[in-house]
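Student:
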Amino acid sequence: MATTKMANGTADAPIEVPLIPPVVGINFGNSYASIAVFTKEGHAECIANEDGERQIACALAFYGEEMYIGNQAKPQLVKNGKNTITGFRNILGKKFSEISQAESSTSAPVIQHPDLPDEPAYKVEVLKAAAPAPTGPKTASNTPAASALATPASEPVPGERILTVSEVTTIFIKSLIQSAEDFMGTKVQGAVITVPTWFTDSQRTALEKAATDAGVHVMQLLDEGSATVPATTADAWAGGALSPDHTQLVVDVGASSLSLSLLSLRWGLAHVIASSSSTSIGAAMIDSALIKFFATDFTKKTKVPLTVSPAPAGQDARAEAKLLLAIEHTKRTLSASAGAATCSVESLKDGMDYTGTVNRLRFDMIAKPLYQAVATEVSKLLSEAGVDPVLVDEIVYVGGTGSLPGLDEHLVLAGGFRDSVVTPFSLGTVTGGGEGDPTTVLARGCALQAALIAAFEDEDEELRQLFSNSAKLREVQEVPATSASVGIVFPDASKKGEEMDGLWISVIAKETPLPARRLVTFEVEVESDTANKFLFEVAEASVQIEVEMQKQEPDEDDEDEEELEDVEVKQEVLKKDRVLGIMELEAKNAI
Amino acid sequence: MSAVITDISTPILPKDYSPPTVESSKITSPTQRRLVPAGPAFINYARLKLHHNFDLDTHDQHLATQQEK
Ligand SMILES: Nc1ncnc2c1ncn2[C@@H]1O[C@H](COP(=O)(O)OP(=O)(O)OP(=O)(O)O)[C@@H](O)[C@H]1O
Ligand SMILES: [Mg+2]
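Same order as they appear, the protein sequences are chains A and B. The numbering used here puts the first residue of the first sequence at 159, with every later residue one more than the last. The numbering used here puts the first residue of the second sequence at 552, with every later residue one more than the last.
1) List the endpoints of the continuous alpha helix (DSSP H) containing B:Tyr596.
2) Got a sec: does ligand 1 put a non-hydrogen atom nearer than 8 Å to the Cβ of A:Tyr190?
3) Quick check on DSSP: helix, strand or coil for A:Ser192?
4) Are the beta-carbon atoms of A:Gly228 and A:Leu365 separated by less than 9 Å?
5) In whole angstroms, give me the CA-to-CA distance for A:Met164 and A:Asp209.
6) Starting from the C-beta of A:Gly590, find all residues in its chain whose C-beta is less than 8 Å away, skip the five residues before and the five after it, and write them out in chain order.
7) Closer than 9 Å, Cβ to Cβ, to anything on chain A: give me those residues from the segment 578-598 of chain B, in chain order.
8) Using a C-beta cutoff of 9 Å, does B:Thr557 count as contacting chain A?
9) Have a look at A:Ala639, A:Val725 and A:Val516 and flag the residue whose alpha-carbon is nearest the alpha-carbon of B:Pro581.
10) So, does the segment 242-249 of chain A touch the segment 336-352 of chain A, judging by three or more C-beta pairs under 8 Å?
11) Give me the residue from A:Glu211, A:Gln710, A:Leu423 and A:Thr488 with the minimum Cα distance to A:Ala499.
12) Using the DSSP secondary-structure output, state which residues sit across from A:Gly440 in a beta bridge.
13) For A:Thr355, I'd like the list of residues in its chain whose CB is within less than 7 Å of its CB, leaving aside the five on either flank, ordered along the chain.
14) Runs of 4 residues minimum, wholly inside the segment 338-403 of chain A: which ones carry the alpha helix (DSSP H) assignment?
15) If A:Leu400 and A:Val580 are in contact, beta carbons under 8 Å, what's the gap, nearest whole angstrom?
16) How close, in whole Å, do the beta carbons of B:Arg584 and A:Pro671 come, if the pair is a contact with beta carbons under 8 Å?
17) In the DSSP assignment, find the beta strand (DSSP E) that holds A:Gly514 and state where it starts and stops.
18) Any Cβ of chain B within less than 9 Å of the Cβ of A:Gly426?
19) Considering just the uninterrupted stretch of the alpha helix (DSSP H) at A:Arg247, what are its terminal residues?
20) What does the Cβ neighbour count give for A:Met523, buried or exposed, with the cut at 16 atoms within 10 Å?
21) Sort A:Gly558, A:Val599, A:Ile553 and A:Leu565 by Cα distance to A:Ser578 and report the nearest one.
22) Going by CA-CA distance only, name the one from A:Asp551, A:Val588, A:Thr587 and A:Gly557 that's closest to A:Val570.
23) What are the uninterrupted segments assigned as beta strand (DSSP E) that are 3 or more residues long and contained completely in the segment 511-594 of chain A, given in chain order?
24) Would A:Leu746 pass as an interface residue toward chain B - the criterion being a Cβ-Cβ separation below 9 Å?
25) Please report the straight-line C-alpha distance between A:Ala453 and A:Leu464, rounded to a whole angstrom.
26) Note the first and the last residue of the continuous beta strand (DSSP E) segment covering A:Glu223.
27) If you measure from the CB of A:Asn517, is any heavy atom of ligand 1 nearer than 8 Å?
28) Using only the alpha-carbon positions, how far apart do A:Arg676 and A:Glu744 sit?
29) Express the C-alpha separation of A:Leu631 and A:Ala613 in angstroms, rounding to a whole number.
30) Answer yes or no: does any C-beta atom of chain B fall closer than 9 Å to that of A:Arg362?
31) One question on the structure: do A:Val737 and A:Val682 come within less than 9 Å of each other, judged by their Cβ atoms?
32) Cβ-heavy atom distance between A:Ser419 and ligand 1 below 8 Å?
33) Say whether chain A places a C-beta atom closer than 9 Å to the C-beta of B:Glu574.
34) Less than 9 Å between CB atoms is the rule here; does A:Ala499 satisfy it with respect to chain B?
35) Taking buried to mean at least 16 other C-beta atoms within 10 Å of its own C-beta, is A:Asn300 buried or exposed?
Structure follows, in C-alpha cells:
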C-alpha cells in the first residue's frame, strides 16, 4: 500500500469538553471538501487540516510510492496528470456506461474496471514494493514484528493500481475524518455529509457505503440546498435583521456548478418553494478568462508567446495548468480585500517566471459573464415560482465563488432585489471566518445537524433512525403549506375603501407549513359606551406588486447634467381577498 | 413558541360598519411542499407528526417535561 503524505497534526490541541459530541459535519463537494467540528464554546467551526487548508481539494495523486491527498495532490496535475484523480464525487454511484467521458484531459481518465462489470475505475502508475525473494529465509511467526530494516529493502518496482470510484472516495473521506480526529483528539462517532440535490438514490447509497468503508457512521446525508438551514436559523445568524418568517434565496456557486434554492423559513421550519441547478455555470467561466488575461500579460512582459484556454499540448498546456493552480490564490485574495491581487508562477514558460496583478474593477469585468449568468438563472427561478424579487428577504451565498463581493453587488442590482435585502455582505459576515462565510456554511450546517441528532435520548431512537432512512424521512417531509396569508382586520373608518378597509395584522404568513400555531398579542381600543365590545375579521390576504414610475432625485454630487431617467419603484400592496369569519369579543377590562 | 407581541393599538369599530359576507371559513387549499429535514424546528415538527399525531397539547406536555429535565 502506498503511503500517505501527511504531517502530524499541526492543529492546536483542543480542550476537552465532555458536553460537545464528537460528531462532524462534512461538506463533500466535487472540487473541494470541508470539515466542521465543535469548539469548546460549542460553536460549529470549520477546521484547517494538517496542510493548513479549510478548503480541501477533492484530489488524489500517486507519484512513485507516495499517495498525496487534497491540496498537495493538485500540483501533480501539472506534470503527473495521468496519475492524479479529480472529479470523483460527481460520478460516485454511477455505472461506467452512465458516465459521459470526461472532457477534462488533465487528470486520470475514468476507465472500465478490468474485472468488475460496468464499474468505473482509475488506473494509476505506482511503485510497489518488490515481492520478497522466494528463497529468502522465513521469519518465525512468534518473533516480534521485524522492523523494515530486518529484510533488506528491495528496490520498488513499477506497477499499476486500479481504484474504483468508491475506493477513491473512501480514501478521501478517511483522510477528512483523520484530520477531524487529529483536531479533536478523539474518535469521530458520526457525521452528517452533504450530497448534491441531484444525486440519485443509488448515488446516495454509494456515498453512504464509501463513508462506512472509511469507518464513518453516517448520521444523515443532507442535500446541499438544505444543509445551510441549521446555520441560517441559528440565533447568531443575522443578528435580528430578519423576521422569523422570511423568504430566503440560497445561491451556491462552486467551480463547475450553480444551484439555487428558494426557501420559505417560518420560525425555523424551512421548505423548498423552488430550486434549480446548472452545470454550465461556475467559476470555470471566470478561470478561463482570468488565465487568458494573465497569459496575455505574460507575453507582453516577456515576449514569450503563450496560448491558453484552450492550450495546445506540451509547454502551453503545462503553463495553463500552472496558471489554474495559481489563480486559486488570486481569487481568494480578491474576495478577502478590496485591493489588487497577484498571480505568481515560477517558470511559467521557457524558464520565465511570472508575476502579475489584477484589480477588483478589472476582475469584475472578467467575471461579469458569470455574474450575469447567475442573475439570469435567479430571475428564471423566481419568475417560474411566481415570486417577485422584492419579496425575497435574504440571499445566502454558498460555495467558493459565492465569496466574491462583485457577485453580490451585481445580483442584488440585476436581479431586482430590494436595496434592503439582507445578504452576508450587507451584514458584513463573509470575511474573517464569519457566520456568513460561503465556504464554510455547509460544513457548519452539517455539524449543527449532527449535534442535534447526537443529542437524541434513548426514548427518541425512532427519531434518530429517521434521519438515516431517506424513504421514511421523505414521508415526514411532505407537508401542506398555506397558499395565502391569514390574518385579522380591524375595520377602520379612516381606511374605508382601501384594499384592507382597516388595520391588518398578519398572523400566518403565506407558505407556512401546517399545522401552525401563532400567538399574537396586541392592545384593543373600545368605546366603553358600547359595552366593551370589539370586533375583527379573520381574512386571507395576498400581496400585490404595484410598479410606479418615479422621477429620479437629482444627485447632489453628480456634476453631469445628464438627463434623469424615470425609475421603476415597486410597492407591495396587501389586498384583502376573502373574509373567513368575523369575531366579536368583549374586552375584559377597558381602561 | 412563535409568539409576537406587537405595539399595535387597534382602531375603534366604525359606527357604520356592516359585516362583509362570509362565503366559506375554509382557507384556500394549501400547496404540497417538502420540508428541509434539518434544524431544531424540523425535529420538533417530526416529533409532533410521528409521536403526537399533530396533537399540540401532548406535544406541549412533552416539551414541558423535557424542559424540567
Ligand atoms: N474566497 C474565494 N473567493 C473566490 N473564489 C473562491 C474562494 N474560495 C474558493 N473559490 C473558488 O470556488 C471554487 C470552488 O467552490 P466550491 O468549493 O463551492 O466547489 P464545489 O462545490 O466543490 O465544486 P463544483 O461546483 O464543481 O461541484 C473554486 O473555483 C475556487 O477557486
Ligand atoms: Mg458545490
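Glycine residues also receive a C-beta, built at the ideal position from the N, C-alpha and C atoms. Since we're looking at a predicted model, the values are computed, not measured.
Tutor: With the structure as the only source:
1) Pro591 to Leu601
2) The answer is yes for A:Tyr190.
3) In the structure shown, A:Ser192 sits in a strand (DSSP, three-state: E or B).
4) no
5) In this prediction, A:Met164 has a pLDDT of 37, which is less than 50 and means its spatial position is unreliable; nothing more can be read from the coordinates.
6) none
7) Flagged, chain order: Ile578, Thr579, Ser580, Pro581, Thr582, Gln583, Arg584, Arg585, Leu586, Val587, Pro588, Ala589, Gly590, Pro591, Ala592, Phe593, Ile594, Asn595, Tyr596, Ala597 and Arg598.
8) By this cut-off, B:Thr557 is an interface position.
9) A:Ala639
10) no
11) Sorting A:Glu211, A:Gln710, A:Leu423 and A:Thr488 by C-alpha distance to the C-alpha of A:Ala499 places A:Thr488 at the top.
12) Per DSSP, none; premise fails for A:Gly440.
13) Asp381, Glu382, Gly383, Ser417, Ser433 and Ser435
14) 359-371 and 387-390
15) 6 Å
16) 7 Å
17) Looking at the DSSP string, the run of the beta strand (DSSP E) that includes A:Gly514 is Met510 to Val516.
18) yes
19) Phe246 to Ile249
20) exposed
21) Distance from the Cα of A:Ser578 is smallest, within the candidate group A:Gly558, A:Val599, A:Ile553 and A:Leu565, for A:Ile553.
22) A:Asp551
23) 552-556
24) One detail in the question is off: residue 746 of chain A reads as Lys in this sequence, not Leu. No, because no Cβ of chain B sits closer than 9 Å to the Cβ of A:Lys746.
25) 6 Å
26) A:Glu223 -> no beta strand (DSSP E), and no H or E assigned at all.
27) In terms of side-chain proximity, the C-beta atom of A:Asn517 is found no nearer than 8 Å to any non-hydrogen atom of ligand 1.
28) A direct Cα-to-Cα measurement between A:Arg676 and A:Glu744 gives close to 21 Å.
29) Going by the C-alpha atoms only, they are around 18 Å apart.
30) no
31) no
32) no
33) Yes, its Cβ sits closer than 9 Å to a Cβ of chain A.
34) no
35) In this predicted model, A:Asn300 has a pLDDT of only 49, less than 50, meaning its place in the structure is not dependable; the value taken from the coordinates is given anyway. Result: exposed.
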